[in-house]
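In the numbering used here, the protein residues as written are 842 to 1010.
In this text, a Cβ means the ideal position worked out from N, Cα and C, and glycines have one as well.
Predicted model only: the values in this text are computed from it and were never measured.
In what follows, a single structure is set out as structure tokens and then discussed.
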């Protein structure tokens, strides 16, 4: 759920941009707080969602601060492959990427020139091709290695069984 944390601290920290046709449902903060108060399991699920988002944010702080352009792009392509694969840890090795190089650069804090060079490097290494908005991953293991990618922060199944029972039953 996008911007769930704002139900607790209603300060805007950024915006969302849809890259494809999207339907957005706005839920008033008071309704979110009432749901959490009246249904503890929902409150727990909301809390988990915020923790999940924080884990992604922390991973990206590391990516942007410590990795070079090639590694950042490899990482973002790996993350997208896991997300398109349904978030269960198995990547989707071919997917539509409705982003131009400038948008990909914004996501990875790179210029379009760096995105172009890094994608060319990844392609020349036989790891991935991006053509016509389609990403094809040719060597998942080496792409993960190039991006120093560990999907654990994206995989909901890493929740301990006891906690799953509390939240999802």
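**Report entry** Start and end residues, alpha helix (DSSP H) containing residue 875
**Finding:** 870-879
Query - Contact check, residue 985 vs residue 919, beta carbons under 8 Å - result: yes
Query - Sequence-distant residues of its chain with Cβ nearer than 8 Å to residue 1003 (five each side left out) - result: Interpretation of residue 1003 is limited by its pLDDT of 48, a score under 50 that renders its predicted location unreliable; the figure taken from the coordinates is listed afterwards. Answer for residue 1003: no residue qualifies.
Query raised in the report: What does a CB cutoff of less than 6 Å around residue 925 pick up in its chain, not counting 5 residues either side in sequence?
Result: 933 and 936
Requested in this report: Excluding the 5 residues preceding and the 5 following residue 967 in the sequence, name in chain order all residues of the same chain whose CB lies nearer than 7 Å to its CB.
Outcome: 979 and 980
Query - Nearest-angstrom Cα separation, counted from residue 917 out to residue 931 - result: 15 Å
Query raised in the report: What is the rounded straight-line gap between the Cα of residue 860 and the Cα of residue 885?
Result: 30 Å
Query raised in the report: To the nearest whole angstrom, what separates the beta carbons of residue 953 and residue 914, a pair I think is in contact under 8 Å?
Result: About 12 Å separates the two Cβ atoms, so there is no contact after all.
Requested in this report: Any chance you could list the beta strand (DSSP E) runs of at least 3 consecutive residues sitting entirely within the region 911-977, in chain order?
Outcome: 935-937 and 969-972
Query raised in the report: If you compare alpha carbons, which of 879, 972, 949 and 901 is closest to residue 995?
Result: 901
Requested in this report: State yes or no: is the C-beta of residue 1033 within less than 8 Å of the C-beta of residue 887?
Outcome: Any property of residue 1033 remains undetermined from this structure, which presents the chain solely from 842 to 1010.
Requested in this report: Can you say whether residue 898 is buried or exposed, counting buried as having 16 or more other CB atoms within 10 angstroms of its CB?
Outcome: exposed
Query raised in the report: Exposed or buried, residue 972, counting other C-beta atoms within 10 Å across all chains shown (16 or more means buried)?
Result: exposed
Report task. Give me the Cα-Cα distance between residue 969 and residue 895, rounded to the nearest whole angstrom. Result -> 28 Å
Query - Extent of the continuous alpha helix (DSSP H) run through residue 864 - result: That residue, residue 864, is in no alpha helix (DSSP H); it is neither H nor E in DSSP.
Report task. Specify, as a first and last residue, the run of the alpha helix (DSSP H) that residue 985 falls within. Result -> 981-987
Requested in this report: Please name the residue in 849, 863 and 943 whose C-alpha comes closest to that of residue 877.
Outcome: 849
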